Ligand SMILES: *Cc1c(COP(=O)(O)O)cnc(C)c1O
């Protein structure tokens, strides 16, 4: 039996069938296929402010925000105008343009650890290039990452923890050679002891420790006190570089990024999502001396035909201009807090165990009765319940990420009306899934 709005999503269903004939799984990125939550993907016609509209004309409060970029809401008039003006002057030149320098200046001014950057087109490219730079600059080959942290689909980062006492990674995707995965060490997130042990053994071979300073790809998992400080100390002790993957947290948790909250200076920072305001823009950067290792100044090769293209730069500049308005992040923080507390309250009323958290315009909730500190905890959450809750919310007009392993996002366009509607819908949805 189709659910309430599944029957209202006739055109989406038709379009998915058509897409499946010519596109792998009908999608351009796997999580969009709704496999983790069941049901059929919703095809979007347009989005405006805090809302997304599907091809059948249904409206949803959007808590995905294109997975982070939509921090000023969808189709913000100033961002759209900036992109239109840039488009009229040409879509891509494959040559230098003034907008690149302007966006780079804004980013460099916002992050004390970052003096110089290179624009790329996706978060994946940013982390891949940062790792290459770390390896090139240190002459070492190993990388230490954390289980459950996602850094894009880079070969060396698509690794899972080996079984038992194994300290090196095993491929987490077909097509990743074991020889690549072996160069990646894994530790549980928030477990400094495990890091110290690995570094004691492999430190001289470790080019970099790579971490999401707030993990947002296994739900919302903040760092425990001392964890990030400990990583900085381990890197200093062993001559490894510390890379903050702020593709999600950059300009999302705070102006600049989470490093401005925790006051830790990584050697390299990866950015993406918000800095492109919805266009394919990402970047990596660090000190001038380190970045001087990258071509054309240094021996580490990295390039891109569409990198720094004028449309992406225009969207990024316009988005960050809005983010710089006074009280912008405080307002986001209040919205995320209201939502996190709201979800907590209505879940508890329905007798559903829940953990919530938030930081700037990023928040999350998990169905479990104890704090989530790492991937094991994230896996222990009730994901079957999340799938039912997701569907109940979607049918009532609230769009959550189609997997329980994701953080959620609010924008400056999420006003009182959108937020209160979300909480009311959540109350109704919790009653329906808990009964
Ligand atoms: C989204 C994300 C990436 C990958 O970015 P893409 O643009 O999807 O390649 C990398 N790291 C983190 C932390 C992310 O959230």
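In our numbering, the protein residues as written are 1 to 435. Here a beta-carbon is modelled for each residue, glycine too, at the ideal position from N, C-alpha and C. Everything numeric in this text was worked out from a predicted model, so none of it was measured.
Would you say the beta carbon of residue i comes nearer than 7 Å to a heavy atom of ligand 1?
i, result
"residue 150", "yes"
"residue 14", "no"
"residue 282", "yes"
"residue 214", "no"
"residue 122", "yes"
"residue 217", "yes"
"residue 248", "yes"
"residue 272", "yes"
"residue 245", "yes"
"residue 127", "yes"
"residue 255", "no"
"residue 67", "yes"
For residue i, which residues does DSSP report across the bridge?
i, result
"residue 362", "359, 409"
"residue 169", "161"
"residue 60", "52"
"residue 186", "145"
"residue 210", "243"
"residue 46", "53"
"residue 254", "250"
"residue 221", "215"
"residue 399", "62"
Using beta-carbon positions only, say whether residue i and residue j come within less than 8 Å of one another.
i, j, result
"residue 213", "residue 178", "no"
"residue 207", "residue 138", "yes"
"residue 205", "residue 140", "yes"
"residue 148", "residue 189", "yes"
"residue 169", "residue 182", "yes"
"residue 115", "residue 108", "yes"
"residue 343", "residue 328", "no"
"residue 172", "residue 374", "no"
"residue 300", "residue 136", "yes"
"residue 322", "residue 102", "no"
"residue 45", "residue 55", "yes"
"residue 436", "residue 228", "The structure shown does not extend to residue 436, since the chain is modelled only from 1 to 435, so the question has no answer here."
"residue 346", "residue 119", "no"
"residue 73", "residue 413", "yes"
"residue 48", "residue 75", "yes"
Below 8 Å on the Cβ atoms is my contact criterion, and I expect residue i with residue j to pass it. Report the Cβ-Cβ distance as a whole number of Å.
i, j, result
"residue 387", "residue 241", "At roughly 39 Å, the Cβ-Cβ gap does not stay under 8 Å, so residue 387 and residue 241 are not in contact."
"residue 157", "residue 145", "6 Å"
"residue 354", "residue 363", "No, residue 354 and residue 363 are not in contact; Cβ-Cβ is about 12 Å, not under 8 Å."
"residue 127", "residue 210", "7 Å"
"residue 272", "residue 122", "7 Å"
"residue 249", "residue 113", "Actually they do not touch by this definition, with Cβ atoms about 14 Å apart."
"residue 340", "residue 360", "Wrong, their Cβ atoms sit about 12 Å apart, outside the cutoff."
"residue 50", "residue 61", "6 Å"
"residue 219", "residue 351", "In fact, because the Cβ distance is near 21 Å, the residues do not count as touching under 8 Å."
Please find out if some non-hydrogen atom of ligand 2 comes closer than 7 Å to the beta-carbon of residue i.
i, result
"residue 413", "The model depicted lacks ligand 2 and carries ligand 1 instead."
> Which ranges does the alpha helix (DSSP H) cover as unbroken runs of at least 4 residues, wholly within the segment 269-321, from first to last along the chain?
Replying inline: 288-291
> What are the complete beta strand (DSSP E) segments, minimum 3 residues, inside the segment 69-143?
Replying inline: 116-120
> Unbroken alpha helix (DSSP H) runs of length 4 or more, entirely within the segment 7-44: which are they?
Replying inline: 10-22
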